[in-house]
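Colleague: Numbering of the sequence shown is given in the working numbering, commencing with residue 405 and proceeding in unit increments.
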Amino acid sequence: MTPPIGYISTRSRAAPRGFREIVLEGLAPDGGLYLPEALPPCPAPPADPFPPAYADLALEVLRPFCDVAEPRLREWIAAAYSTFRDSRVAPVVRRGDVWILELFHGPTLAFKDIALQFLGRLFDALLAEKGETLNIVAATSGDTGSAAIHGVRGCRNIRIFVLHPRGRVSPLQERQMTSVLDPNVFNLAVDGTFDDCQRIIKTLFRDVAFKRERRLGAVNSVNWARVLAQMVYYFSAGWTVLRETGAERVRFAVPTGNFGDIFAGYLAARMGLPVERLILATNENDILARFFATGEYRAAEVVPTLSPSMDIQVASNFERYLYYRLGGDPDRVRDAMETFDREGRFFAPDAARDPLMAAGRADSEQTLATIRTFWERHGYVLDPHTAVGVAVGRRPGMGEAPLICLATAHPAKFPDAVRRATGRDLAHHEILDALWNLPTRVERMPADVARIRDYIAAHTA
Ligand SMILES: *Cc1c(COP(=O)(O)O)cnc(C)c1O
């Protein structure tokens, strides 16, 4: 037996720590993000049966990273992916000259389910081992809230409190959250904006005594287990397309916001998956596309777009990539991030010159045109996030190998964009249509920290 992989921080040379600790902790104490001290060798593509069951492949990919007995890991993986509506979990389908990797068959019809269904089970089991409980508190402008709720519903050792701005998330997204009636799920509709919700949560977390006493925590996008779960589909889709085409390498086009999804692909490539290029696609919020063009990482105002889950300016997982590109030197990473905090930008031109990466942005007009032409040519409806990836991935100069485009949401979640693009009402899903008939539970609250603190206290006693 090789010893289990230890985890280091991107910002210090502290001794490596165990998988269980760092997963529950999320962020390193020095403010850095956790990374494995070394990557295991690339798993061999399975020969027979092909394709393997997704859960088997996931076990193969995840096992070396997790210091967990195999039967338990197998059980969590099986439970996580049994909620998916397609038994292949993340199928890849060919449409014209591109392969669409469908990551939207989970309970909320978006790719975040792949990580959060796994993370929920993992957290619940690790907490049970320690005899502890956790109260997750989160604010959402729509999308991540429902994936987090569905990830932990029914977990015995976790409660979740999700604040959303009342009347300011799409009715569909609101229903996806409030129709979950499990007793460990608390939806709070706050009379205010998303910024008010975030401010309330920051204030609660700053109250260290309350946070400790009530065991408050987060399931944020920088948790290592989320990246880990996302690596699996790069292998499954990559191997499928290599086999179907006889090509030597593949390309992936990834609609990007926080850099978590594409970073999982980066690790798969570092482990030896034959990737010619990772194509990073952004909407008008293009801090990452600008970085790869200029070597300067500089924040700008967030503008609302057709692909709201990519409307971010500071990409929380980018620091992990930077660590590798700055020679694994935590001092250089810390310098860069401190400069960014102070000045809103830093330069790292060497880091940006990466032959594995290509980047571009697609604006609203290009997104709509891509949805329209893809539907006309292939009879396949793309959601606006996926369309950004397809638009950028198909541009000339982005490589030669077969192109796999990650489809990160089901189009029925964004019916308005689809209608604008095609003039038709094409985007439906029975699960979303059924939402309108389900009972809901939600607590209306003022945008008042004290009232929300009292509510949480009353429900965590
Ligand atoms: C979160 C999300 C993305 C962006 O993924 P990152 O890991 O943040 O880069 C893209 N599309 C959809 C639909 C998402 O929900």
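Don't be surprised by glycine CBs; every beta carbon is placed ideally from N, CA and C.
Compute the minimum distance between the beta carbon of residue 522 and the heavy atoms of ligand 1, and state whether it is under 8 Å.
Modeller: Result no, Cβ not under 8 Å from ligand 1.
Colleague: By the DSSP assignment, the beta strand (DSSP E) with residue 601 in it spans what residues?
Modeller: Element bounds for residue 601: not the beta strand (DSSP E) but the alpha helix (DSSP H), 598-610.
Colleague: Please check the pair residue 417 and residue 593, which I expect to be a contact at CB under 8 Å, by giving their CB distance rounded to whole angstroms.
Modeller: Incorrect: roughly 46 Å between the Cβ atoms, too far for contact.
Colleague: In the DSSP output, what is residue 701 paired with across the bridge?
Modeller: Partner(s): 750.
Colleague: Could you spell out where the alpha helix (DSSP H) holding residue 663 opens and where it closes?
Modeller: That residue, residue 663, is in no alpha helix (DSSP H); it is neither H nor E in DSSP.
Colleague: I'd like the list of long-range same chain contacts for residue 858, defined as Cβ closer than 6 Å, with 5 residues on each side in sequence excluded.
Modeller: Closer than 6 Å at Cβ, skipping near neighbours: no residue.
Colleague: DSSP beta-bridge partners for residue 413?
Modeller: In DSSP, residue 413 forms a bridge with 438.
Colleague: So what's residue 644 in DSSP terms, helix, strand or just coil?
Modeller: Helix.
Colleague: Indicate the three-state DSSP secondary structure (helix, strand or coil) for residue 849 in the structure shown.
Modeller: Note: residue 849 maps to strand in three-state DSSP.
Colleague: Considering only residues of the same chain and omitting the five flanking positions on each side of residue 690, which have a CB-CB separation below 7 Å?
Modeller: Excluding sequence neighbours, residue 690 sits near 765.
Colleague: With three or more beta-carbon pairs closer than 8 Å as the criterion, would you say the stretch 664-680 touches the stretch 634-644?
Modeller: Yes, the stretch 664-680 is in contact with the stretch 634-644.
Colleague: With a floor of 3 residues, list each beta strand (DSSP E) that falls wholly inside the stretch 725-805, ordered by position along the chain.
Modeller: With a minimum length of 3 residues, the continuous beta strand (DSSP E) runs that stay inside the stretch 725-805 are 749-751 and 761-765.
Colleague: For residue 708, count neighbouring Cβ atoms within 10 angstroms of its own Cβ and tell me buried if that reaches 16, exposed if not.
Modeller: Residue 708 comes out exposed.
Colleague: Starting from residue 475, follow the beta strand (DSSP E) in both directions and report where the run begins and ends.
Modeller: No beta strand (DSSP E) contains residue 475, which is instead part of the alpha helix (DSSP H) from 474-485.
Colleague: For the beta strand (DSSP E) containing residue 568, list its first residue and its last residue.
Modeller: Looking at the DSSP string, the run of the beta strand (DSSP E) that includes residue 568 is 562-569.
Colleague: Quick check: the stretch 528-542 against the stretch 485-504, are there 3 or more CB pairs under 8 Å?
Modeller: Taking 8 Å as the limit for Cβ pairs, the verdict is that the stretch 485-504 does not touch the stretch 528-542.
Colleague: Using DSSP bridges, identify the partner residues of residue 684.
Modeller: Answer is 658 and 763.
Colleague: Hey, would you say the C-beta of residue 534 is under 8 Å away from at least one heavy atom of ligand 1?
Modeller: For ligand 1, not one heavy atom lies less than 8 Å from the Cβ of residue 534.
Colleague: Do residue 427 and residue 643 have their CB atoms nearer than 9 Å?
Modeller: Not in contact: residue 427 and residue 643 (Cβ atoms no closer than 9 Å).
Colleague: Assign residue 427 to one of three DSSP states: helix, strand, or coil.
Modeller: In this structure, residue 427 counts as helix in the three-state DSSP scheme.
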